[in-house]
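S.K.: Residue -10 is where the sequence shown starts when you use the numbering used here, and the numbers rise one by one after that. Every residue gets a Cβ at the ideal spot worked out from N, C-alpha and C, and that includes glycine. Model, not experiment: these values are computed from the prediction.
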Amino acid sequence: MKNERFKMSGVRADKGFTLVEMLITLVIMGILAAVAIPTYTGQREKARRAEAKTNLETIRLLLEQYFNDNGCYYRTGGPPTVCTNSALSGVANIQSFLPGFKPGNTQGLNFEYFITTTGATATAYIAGAVDKSVATTISAGATCAAGEMKVDNNNNRCGF
-10 MKNERFKMSG VRADKGFTLV EMLITLVIMG ILAAVAIPTY TGQREKARRA EAKTNLETIR
50 LLLEQYFNDN GCYYRTGGPP TVCTNSALSG VANIQSFLPG FKPGNTQGLN FEYFITTTGA
110 TATAYIAGAV DKSVATTISA GATCAAGEMK VDNNNNRCGF
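(1) What did DSSP end up calling Lys42 once you bin it into helix, strand or coil?
(2) Looking at the structure shown, is Gly117 part of a helix, part of a strand, or coil, going by DSSP?
(3) Within the chosen definition, does the stretch 41 to 55 reach the stretch 132 to 140 through at least 3 CB pairs nearer than 8 Å?
(4) In or out: Arg64 buried (at least 16 other Cβ within 10 Å) or exposed?
(5) With DSSP collapsed to three states, give me the class of Thr65.
(6) For Thr106, which residues in the same chain have their Cβ closer than 6 Å to its Cβ, ignoring the five residues on either side in sequence?
(7) Have a look at Ala118, Tyr102, Gly60, Ala41 and flag the residue whose alpha-carbon is nearest the alpha-carbon of Gly108.
(8) In the DSSP assignment, find the beta strand (DSSP E) that holds Val140 and state where it starts and stops.
(9) With distances taken from CA atoms, which of Thr112, Leu98, Gly93, Gly117 is nearest Ile104?
(10) Between Thr28 and Met18, what straight-line distance do the alpha-carbon atoms span, to the nearest angstrom?
(11) DSSP three-state label for Phe149, please.
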């Protein structure tokens, strides 16, 4: 008697999902995941590269400020203080030279940073960042290898 009432009212007596309904739901979820996962991965990579771009721009601005104050991009501690070429690597070394460089949590950084001064009396520089997942040292010169970004005192850039 009870089942007859459901048949007459058009309501199914058994409640729940059929196998076809479940499969359709799984297919839709799979399609959404197939679209979302590559997009998320791409956004993560953009954020990693944005970290390096921002930090290199900060280094560039701090070096230009240092040059305006001192007439060169690096001075020895002296006395007497002398403009000289140098190569700095690692956030701690760069921060000791440029205290305004504050890239955030150094353990969480995705890039290693470098500064190399050149010229007879440190009148030029190349600042660079290398992706830690690609390499641990930066290539010499103004050209960029895989995973590198560089900027020089003339604002020439590569890898950006």
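M.R.: On the basis of the data shown:
(1) helix
(2) For Gly117, the secondary structure class from DSSP, reduced to helix, strand or coil, is strand.
(3) yes
(4) buried
(5) coil
(6) Tyr62, Tyr63, Asn74, Ser75, Tyr114
(7) Gly60
(8) Where Val140 is concerned, the enclosing beta strand (DSSP E) starts and stops at 137 to 141.
(9) Gly117
(10) So the alpha carbons of these two residues sit roughly 15 Å apart.
(11) coil
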